[in-house]
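Peer 1: With this note's numbering as the guide, the letters of the sequence shown map in order to residues 45 to 136. Even for Gly, the Cβ is constructed at its ideal location relative to N, Cα and C.
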Amino acid sequence: MTAVLNPGRPFAGGERELLEDTLNLNRAELVRAVEDLSDAEAHERRVPSFTVEHHIVGTVSLRFIYLVMIAEVARHAGHADILAEQIRAHRR
45 MTAVLNPGRP FAGGERELLE DTLNLNRAEL VRAVEDLSDA EAHERRVPSF
95 TVEHHIVGTV SLRFIYLVMI AEVARHAGHA DILAEQIRAH RR
């Protein structure tokens with residue numbers, strides 16, 4: 045059963061409680077998914093490594109690329125907020 049379809053999953057409560065319950069559910073799902081694997085199967089690499097060569101920093105992972113993109117979006121979203129505030133202030 046997937047985490048989304050689990051009727052025992054709580055959908056109400058405080059933010060901390062929901063986060064902890066979701067993490068516990070995901071941990072349980074992971075354990076259930078891998079419990080029947082042999083040691084050889086558990087160490088078998090089925091997905092290729094997602095790394096690329098960067099012209100400045102060398103080899104980087106997909107995780108690194110995602111983090112850089114998130115930081116860039118956050119930075120520019122902040123700029124958009126400032127511009128929106130200035131436009132609203134000018135209209136008053």
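#1: At which residues does the alpha helix (DSSP H) containing H134 begin and terminate?
#2: Taking DSSP as the reference, what is the three-state secondary structure of V75?
#3: So the alpha helix (DSSP H) H99 belongs to, where does it begin and stop?
Peer 2: Considering the structure as presented:
#1: Here the alpha helix (DSSP H) through H134 covers 106–135.
#2: Helix, per DSSP.
#3: No alpha helix (DSSP H) holds H99; DSSP gives it neither H nor E.
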